[in-house]
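If you count the sequence shown from 1, position 48 lands on 48 in this note's numbering, and the numbers rise without skipping.
Glycine residues also receive a C-beta, built at the ideal position from the N, C-alpha and C atoms.
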Amino acid sequence: MDILITNIKQLVQTRTSDANQWVAGSAMDKLPALDNAYLYIKNGLIDSYGSMHQLPRVSCKTIDATGKFVLPAYVDSHTHLVFAASREAEFVDKIKGMSYAEIAKKGGGILNSAKKLQATSEEELYQFALQRVNELIGFGTACVEIKSGYGLTLQDELKMLRVAKRIGKETPLTVKTTFLGAHAIPKEFTDRNEYINLVINQMLPKVAEEQLADYIDVFCEKGFFTPQETERIVRAGENYGLKAKIHANQLHVSGGVQVGVKTQALSVDHLEAMGQAEIEALQGSQTMPTLLPGAAFFLRTSYPPARDMIAAGLPVSLATDYNPGSAPAGNMAFMMSLACINMRMTPNEALNAATMNSAYAMDLLSSHGSITPGKAGSILITKEIPSLAYIPYAFTSHTIDAVIIDGMLMA
Ligand code: NIG
Ligand code: FE
């Protein structure tokens with residue numbers, strides 16, 4: 001469908017020559033925009049935009065956006081949205097004083113999700129995930145990365161990835177998939193190397209053979225996988241052409257950031273536990289630091305030092321980490337609110353992090369993340385709001401009026 005959006009109060013994130021580069025350091029606070037604009041989406045792609053004085057004469061569906069902002073749809077570069085069941089019993093345990101690590105140790109956490117997922121059919125998993133997908137689309141997200149890691153057996157990891165792939169084929173979302181076999185060591189493995197060998201020698205070849213993953217991930221954390229193990233698993237993935245995206249420095253200064261940089265990971269994600277050495281390691285690298293403030297909020301941990309990272313000239317991206325254990329929430333606007341409120345990012349920085357930089361973190365910068373002719377016609381139209389900063393400011397308001405993905409108006 002072709003769509004012409006007219007009278008846009010402000011068209012935000014319009015980029016041309018810099019449309020394919022991440023946004024870093026002080027540039028993160030700058031958001032290119034055009035007042036009183038039109039946007040023309042043709043054959044699913046952004047065809048042109050400009051001032052209302054230059055409105056093209058075309059006959060197609062027209063949306064009047066008087067008083068409204070138009071921005072690129074959000075890109076969520078880190079989720080675990082294929083799962084079998086929620087875990088609110090652990091939520092209550094945490095309220096009563098148990099830590100995330102203690103819950104994991106007694107067979108809760110990731111292993112709890114794995115047990116439930118193993119007992120759930122592929123079709124059921126897909127149907128459960130579909131509800132979350134529809135919710136995400138309503139929140140204005142057009143692209144999502146989805147990880148495995150609640151299977152933890154060959155069959156179940158493949159099952160999860162097939163579901164994630166199917167979401168990419170059968171729903172409007174653009175999906176990238178990540179193999180996270182190294183999410184936790186199942187209880188039945190007394191020798192951890194035996195499990196790591198299973199991940200490397202059995203799961204990985206099958207995942208590659210069925211072309212089920214774009215990336216490889218490891219939960220590099222005390223009590224989960226060491227930096228040495230992480231490197232070994234990531235190198236094995238490299239042999240199959242999988243780039244790394246690593247869970248790093250969530251609960252401890254774990255060495256995960258350095259492994260990510262060393263292995264040229266596309267992103268290192270979480271980063272609640274960062275020191276100066278980690279920031280320096282990222283400088284000059286091609287690895288995107290991805291912050292997941294929903295997990296810090298939900299687990300009541302410290303937040304990543306976003307200000308220090310931006311001051312050091314780094315880019316940062318934002319994602320939801322949508323999962324049943326540490327972040328049961330997929331709303332990117334709320335992540336921007338958390339980033340502003342708890343990490344002192346400006347609304348402009350938060351929006352760059354949730355569009356341009358998150359698109360980089362899933363290799364989608366050539367097609368998403370900005371309002372640029374030739375990129376996907378995936379945008380959101382806000383309600384009539386006073387300013388762009390109102391989106392993260394009004395942190396429980398639904399500020400979206402309409403979502404368009406690849407030129408299709410979502411219901
Ligand atoms: O990103 N940290 C590792 N994995 C997820 C949580 C998984 C879970 O608790 O189920 C995360 O926070
Ligand atoms: Fe995660």
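Our two residues, Val218 and Asn43, have alpha carbons roughly 39 Å apart in a direct line. Taking C-alpha positions only, Ile400 is separated from Leu380 by approximately 7 Å. The criterion of a C-beta distance shorter than 7 Å is not satisfied by Ile371 and Leu31. The residues Glu272, Ser302, Tyr303, Pro304, Leu338, Asn342, in chain order, have a CB closer than 8 Å to that of Ala296 in the same chain once the five nearest residues on each side in sequence are set aside. Asp269 counts as buried, since no fewer than 16 other beta carbons sit within 10 angstroms of its beta carbon. Its chain contains Gly44, Pro172, Ala376, Gly377, Ser378 as the residues whose beta carbon lies nearer than 7 Å to that of Asp406, once the 5 sequence neighbours on both sides are disregarded; these appear in chain order. Relative to the non-hydrogen atoms of ligand 2, the Cβ of Asp321 comes within a distance shorter than 6 Å of at least one. Of the residues assessed, Glu170 falls on the exposed side of the cut-off, its CB having fewer than 16 other CB atoms within 10 angstroms. Around the Cβ of Val58, a 10 Å sphere holds fewer than 16 other Cβ atoms; the residue is exposed. Secondary structure within the region 186-236: the alpha helix (DSSP H) runs of 4 or more consecutive residues, fully enclosed, are 192-198, 204-209 (chain order). Ile110 is classed as buried because its beta carbon has at least 16 other beta carbons within 10 Å across all chains shown. If you compare the alpha carbons of Arg300, Ser113, Val133 with that of Gly168, the shortest gap goes to Val133.
Secondary structure at Lys94: helix, using DSSP grouped into helix, strand and coil. For Glu102, the enclosing alpha helix (DSSP H) covers residues 100-105. At least one heavy atom of ligand 1 sits closer than 6 Å to the Cβ of His247.
Under the 10 Å beta carbon count, Lys61 is surrounded by fewer than 16 other beta carbons and is classified as exposed. When the beta-carbon positions are compared, Tyr40 and Phe83 stay at least 7 Å from each other. Rounded to whole angstroms, Ser17 and Asn352 show a C-alpha spacing of 16 Å. In this structure, Thr346 is the residue among His53, Thr346, Pro227 with its C-alpha nearest to the C-alpha of Pro392. Boundaries of the beta strand (DSSP E) harbouring Glu145: 141-147, taken from the DSSP string.
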